[in-house]
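Worksheet: one structure, shown below.
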Amino acid sequence: MGEMADMVIEGGMCGHCGVIYRKDHGYPVLCKRCWDKATPEERKGYQKAIHKEG
Ligand SMILES: [Zn+2]
Numbered sequence: 411m412g413e414m415a416d417m418v419i420e421g422g423m424c425g426h427c428g429v430i431y432r433k434d435h436g437y438p439v440l441c442k443r444c445w446d447k448a449t450p451e452e453r454k455g456y457q458k459a460i461h462k463e464g
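For the sequence shown, the positions run 411 to 464 when my numbering is used.
So this is what it looks like as C-alpha cells:
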C-alpha cells in the first residue's frame, strides 16, 4: 500500500474519487457527491466528509 491508501485511511482524500481535503478527517471518508451516489454497501467503513475540499 502506498501514500494514496494512507491518505484515504487518514481521511485526507475521498475514498472513491480521490478529491483532496485541506485537513485530514482522521478516518476514511467519502466526499458529498460520492456519498450521495454510494450504496449502503459502498459506504461501509466510510463516513461522510465534513472538511473543505481543496
Ligand atoms: Zn468523492
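Heads up, the beta-carbon is just placed ideally off N, CA and C, and yes, glycines get one too.
- Met-414 is classed as exposed because its beta carbon has fewer than 16 other beta carbons within 10 Å across all chains shown.
- A distance below 6 Å between beta-carbons, with the five flanking residues on each side excluded, links Arg-443 to no residue of its chain.
- With contacts defined as CB atoms closer than 8 Å, Tyr-431 and Ala-448 fail to qualify as a contacting pair.
- Residue side-chain check: Arg-453 keeps its Cβ at 7 Å or more from all non-hydrogen atoms of ligand 1.
- Ordered by chain, the residues meeting the criterion of a beta-carbon within less than 6 Å of a non-hydrogen atom of ligand 1 are Cys-424, His-426, Cys-427, Val-429, Leu-440, Cys-441, Arg-443, Cys-444.
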